[in-house]
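Colleague:
Numbering (the working numbering), first residue to last: 112 to 306.
1) Would you call the region 285-294 and the region 214-221 touching, i.e. three or more CB-CB distances under 8 Å?
2) Taking residue 277 as the reference, give the member of 199, 134 and 266 with the closest Cα.
3) Helix or strand or just coil, what does DSSP make of residue 233?
4) From the DSSP output, which residues share a beta bridge with residue 123?
5) If you scan the region 147-210 from start to end, which runs of the alpha helix (DSSP H) of 4 or more residues do you find wholly inside it?
6) Sorted by chain position, which residues of the same chain lie with C-beta nearer than 6 Å to residue 208's C-beta, five sequence neighbours on each side aside?
7) Do residue 293 and residue 252 come within 8 Å of each other at the CB atom, strictly closer than that value?
8) Between the region 137-157 and the region 189-208, do three or more beta carbon pairs fall short of 8 Å?
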């Protein structure tokens with residue numbers, strides 16, 4: 112995690128000293144940028160850990176920091192660009208899969224958060240994000256022949272121009288998880304190991 116609460120995709124460390132050698136990306140816009148799925152994965156990891164170890168305020172704070180960064184930087188339509196630092200143009204791909212990861216993460220953080228007001232805020236933002244994502248589910252237009260219920264506009268790897276407007280299975284999974292949590296058909300406690 113960077114000082115501004117964004118995350119880099121990858122890091123190399125010295126094997127003997129543990130000292131950071133460099134931060135880098137292999138799917139993001141640049142080594143200094145914030146690749147959307149990296150931020151989403153960090154949100155998921157910290158929110159999950161905060162839910163497992165609710166006595167550890169450091170984990171909760173890390174989850175808050177990466178999640179608050181997302182909330183402050185996601186576009187107003189709530190669907191993130193493939194990289195938060197990519198030049199925004201009409202042709203710039205979005206990444207619904209990274210956005211779905213973030214929505215699920217916010218629901219987990221809301222569940223783990225001890226402050227009712229903060230928890231409600233995270234849950235509300237997640238719910239608005241899920242609503243925005245549902246507009247990207249097939250069929251997206253008249254005559255759409257794809258099977259219904261698939262999340263579209265995921266961006267797998269813009270740097271190699273691979274599947275930049277695609278259906279990505281993890282996007283479907285995290286959207287479905289979020290929908291089930293919001294509808295009450297999935298008890299979020301089942302996502303956490305016990306005992």
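In this text, a Cβ means the ideal position worked out from N, Cα and C, and glycines have one as well.
Everything numeric in this text was worked out from a predicted model, so none of it was measured.
Modeller: Quick answer:
1) yes
2) 266
3) helix
4) 133
5) 147-163 and 168-184
6) 265, 279, 281 and 282
7) No Cβ-Cβ contact shorter than 8 Å links residue 252 with residue 293.
8) yes
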